[in-house]
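Each remark here refers to the structure printed beneath this line.
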Amino acid sequence: MRDSKDLKACKLEIETLTLNLKDEQETIAVGEQLAKITAAPLVIYLTGDLGAGKTTLSRGLIQGLGHQGAVKSPTYALVEPYELNGMEVFHFDLYRLSDPEELEFMGIRDYFTERSVCIIEWPDHGHGLLPPADMHLRLKYVNTGRELQIEALSPLGLSLLQQIK
């Protein structure tokens, strides 16, 4: 995990990229583009209203990293693990989490390693028990499409965002 000095230094350099996505295919394509520059360790927070496209974007990212087949929403299981290209990819959906302390019981700290990419939907439900994000992706409805705001929150996140731009 990153230490707080790295994160504090980065706060001065936070950068944001905003993209307009007209449909599901564009959302998946952004996930696939992110996959091309993704390397472990990485923590991504995904926020937005229900149905805004968090799982769709995650699907594009996970399939872009090499997963063949369907990407299930981990709403009931809380986490879906994948072993892809020498990385452990964990897709979390904390929507149904009633108390952040439940994460302690599932051994949440064990998921965040030097080999892991952690994609976390509804990270606010795990407040206080999750490590800081490298990137925060916010999706919101705009007319019939979506707006995606990608915010870099660490030196690694900043480096990745600059590669996207």
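Per full-length UniProt numbering, residue 1 is the first one in the sequence shown, and the count goes up by one each step.
Don't be surprised by glycine CBs; every beta carbon is placed ideally from N, CA and C.
Since we're looking at a predicted model, the values are computed, not measured.
Whether residue i touches residue j by CB criterion (7 Å)
i: L153; j: A52; result: no
i: P131; j: F105; result: no
i: R115; j: M135; result: no
i: F90; j: P100; result: no
i: W122; j: L94; result: yes
i: A35; j: V117; result: no
i: L129; j: L103; result: yes
Contacts around residue i, its chain only, beta-carbon distance under 6 Å, and the 5 residues preceding and following it disregarded
i: T18; result: Q149
i: V71; result: R59, I62
i: D23; result: none
i: H125; result: L94, L97
i: S4; result: Residue placement at S4 is flagged as unreliable, the pLDDT there being 43, under the threshold of 50; the coordinate-derived value follows with that caveat. Same-chain partners within the cutoff: there are none.
i: V79; result: F90, F92
i: T47; result: R138
Supposed contact pair residue j and residue i - C-beta distance, whole angstroms, cut 8 Å
i: I108; j: S58; result: At roughly 18 Å, the Cβ-Cβ gap does not stay under 8 Å, so I108 and S58 are not in contact.
i: V30; j: L21; result: 7 Å
i: I37; j: L137; result: With 8 Å as the limit, I37 and L137 do not qualify as a contact, their Cβ atoms being about 14 Å apart.
i: I164; j: Q33; result: 7 Å
Host beta strand (DSSP E) of residue i (start-end)
i: S116; result: 116–121
i: L17; result: 16–21
i: E83; result: 79–84
Nonlocal neighbours in the same chain, by C-beta distance under 8 Å from residue i, ignoring five residues either side
i: L84; result: I62, L65, G66, H67
i: V142; result: N20
i: H127; result: P100
i: A133; result: V43, I44, Y45, I120, P123, L153, S154, G157
Where the alpha helix (DSSP H) containing residue i begins and where it ends
i: R138; result: No alpha helix (DSSP H) holds R138; the beta strand (DSSP E) holding it covers 135–142.
i: T47; result: Looking at the DSSP string, T47 is not in any alpha helix (DSSP H); the run it does join, the beta strand (DSSP E), is 42–48.
i: A152; result: Run containing A152: none in the alpha helix (DSSP H); it sits in the beta strand (DSSP E), 145–152.
i: V89; result: Looking at the DSSP string, V89 is not in any alpha helix (DSSP H); the run it does join, the beta strand (DSSP E), is 87–93.
i: G64; result: 54–64
i: K36; result: 24–37
i: S159; result: 155–164
i: E102; result: 102–105
Sequence-distant residues of the same chain with beta carbon closer than 7 Å to residue i, five excluded per side
i: S73; result: T55, D93
i: T27; result: L21, G53, T56, L57, G60, R146
Residue-level contact to chain C via CB, residue i, 7 Å cutoff
i: E24; result: The structure shown contains no chain C; it is built from a single protein chain.
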